[in-house]
Structure formats: structure tokens, C-alpha cells
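Residue numbers (our numbering): 29 to 314.
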């Protein structure tokens with residue numbers, strides 16, 4: 029059975045991984061003022077920083093329509109694929125899943141999975157699906173296993189400044205000012221398909237990053253050892269490399285994959301945002 033694995037652009041897989049695993053990417057819309065772009069195709073995160081610096085206005089992200097998804101899926105079936113399995117950002121965070129699910133009902137052999145995550149939290153499920161497809165697993169079984177594993181994805185980030193969250197209406201002015209005054213660097217975790225605040229380390233950012241990384245290792249003790257992502261936005265020199273080397277030093281994971289976050293995480297969190305993401309189920313699915 030010839031299966032195509034696809035995802036929306038919020039999965040934050042690097043171009044190298046997209047090519048290696050032959051993942052089809054559906055870019056979401058990003059609007060800067062009156063101009064509309066496609067995430068990762070006609071706009072990159074650097075443009076968001078530049079636009080914000082000039083205008084103090086954040087871009088708006090937009091879903092692909094049901095018809096756009098239909099044409100995307102149908103095009104792949106017309107290429108000769110027997111099945112298409114598509115992974116979307118959590119339905120609680122975007123309407124993309126609903127539009128993709130509506131489109132798949134109009135086609136045989138298309139499956140849409142709500143990743144219950146964002147960024148490489150989704151990307152982990154995508155690469156896992158690619159592994160299963162390469163092993164000859166049927167599409168229905170891949171979907172079933174992905175849905176079970178979604179709840180075990182450990183997706184989190186630590187944020188340096190709350191400015192983008194504040195400008196985007198995702199935190200109050202009181203929280204924003206308090207975090208700046210006290211040098212609080214909040215950790216954002218995905219739980220039940222939604223983003224929420226976890227621990228709030230205080231102090232210099234690099235020390236808070238170390239606290240966050242240590243907390244991840246201590247808290248999640250049953251990881252799937254196949255792979256882990258270190259995903260980040262634009263970082264101050266040396267921080268991303270430091271986190272990658274720290275995670276490698278644990279000696280737990282077969283692959284430590286570093287990726288740069290795309291426009292969605294950039295728009296929500298801004299620069300100096302970094303996360304360690306993996307599946308915390310020991311690699312076993314009942």
C-alpha cells in the first residue's frame with residue numbers, strides 16, 4: 029500500500045527532514061497588513077521580526093479552506109497514492125483540523141489526525157507515522173496508533189520575553205509587566221490540545237533555560253528513545269547549541285534533532301523561545 033504522510037506547516041519539520049521522509053506540507057496563511065503569504069513558502073520567520081519592529085503589530089495566521097485541502101488531498105491521490113494521512117495542529121488552537129476533516133469526507137483513502145499539539149509535537153507524530161508506513165503498516169492502524177500516542181507527546185517551550193504573547197492578546201498587561209520586572213521566564217506546556225503555563229523560573233534567561241531542561245529530564249522518565257526535538261525561534265548566540273549538547277549528554281535518545289520554529293510559534297512567542305519535545309510512552313503503544 030502506497031501511503032503519503034502530510035502535515036500543515038506548523039509541524040516545524042526542517043526542509044531536510046521533509047525531504048528525507050517525503051512529507052507533504054500544507055502551508056498555512058500568514059497575513060502581514062494587507063499582504064497574504066504562505067508559511068514557509070513565501071514568508072519566513074525573519075520577516076515577522078522585521079515587520080513587528082517596524083509596526084509593533086503581529087501578523088495574523090489563517091487556516092486553509094476546505095476546498096484547498098480537498099485539492100491538496102485529491103492531487104496526491106491522483107499521483108497514485110492509495111492513502112493520505114494528514115496531521116494538523118490541535119483543533120483547540122486552529123480551525124485547520126475541521127477544514128481538513130471536512131475535505132477528507134469527500135474522498136476515499138484520506139485520513140486526518142488531530143495531533144493535539146503544535147510545532148514538532150506534531151512533527152513527532154508525523155515522523156512516527158512515516159516509520160510505520162515504511163514498515164508496511166496499514167493506514168487505519170497508523171491512524172489508530174497516532175491517536176493513542178498524541179496524548180503522550182511532551183511539548184513545551186520556555187519563553188524569554190512576553191512581548192509577543194502580550195501583543196497577541198494572550199497575556200494581560202499586569203502579567204506582562206510583572207514578568208518583566210521580576211525577570212520571569214514562563215514555560216508553556218501543551219495539555220489536552222491547549223497551551224498553558226507551567227513553571228515560572230526567575231533569573232537570567234540562560235539559567236532559566238537550564239532549570240527548564242533539567243525539569244524536563246526529571247519529570248518525564250519514560251521517553252521513546254527513538255528521537256527528541258530541540259525546537260527554537262531566533263536565539264541569542266550559543267543558547268540553542270547549549271541545549272542540544274545538554275540533551276545529547278543525557279545519552280537517552282538515538283537522535284537529537286534541532287529545528288527552527290516556523291511562523292506560528294514565532295508569532296505566538298517571539299525570539300529566544302526554545303523547547304525540548306519527545307513522546308513520553310517508552311515507545312510502547314497498547
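Glycine included, C-beta positions come from ideal geometry on N, C-alpha and C.
- Taking a contact to require three or more Cβ pairs closer than 8 Å, the stretch 264-272 and the stretch 141-148 do not qualify as touching.
- Per DSSP, reduced to three states, the secondary structure at residue 115 is strand.
- Exclusion of the five residues before and after residue 39 leaves 150, 151, 154 as the residues of its chain whose Cβ lies within less than 6 Å of its Cβ.
- The Cβ atoms of residue 110 and residue 31 lie closer than 8 Å to each other.
- Looking from the CA of residue 168, the closest CA among 184, 158, 139 belongs to 139.
- Its Cα nearest to that of residue 231, the residue 187 stands out among 116, 114, 251, 187.
- Below 8 Å, too few C-beta pairs join the stretch 213-228 and the stretch 249-263 to call them touching: fewer than three.
- Three or more Cβ pairs closer than 8 Å define a contact, and the stretch 129-138 falls short of that threshold against the stretch 170-190.
- Going by DSSP, residue 272 is part of the alpha helix (DSSP H) stretching over 267-277.
- With contact defined as three or more Cβ pairs closer than 8 Å, the stretch 48-58 and the stretch 83-102 are in contact.
- Annotation for residue 212: no alpha helix (DSSP H) segment contains it, and DSSP assigns it neither H nor E.
- In the DSSP assignment, residue 159 falls outside any beta strand (DSSP E) and within the unbroken alpha helix (DSSP H) covering 148-162.
- Between residue 306 and residue 251, the beta carbon gap of about 5 Å places them in contact (Cβ cut-off 8 Å).
- Buried is the label assigned to residue 213, since at least 16 other Cβ atoms lie within 10 Å of its Cβ.
- In the structure shown, residue 252 adopts coil according to DSSP, grouped into three states.
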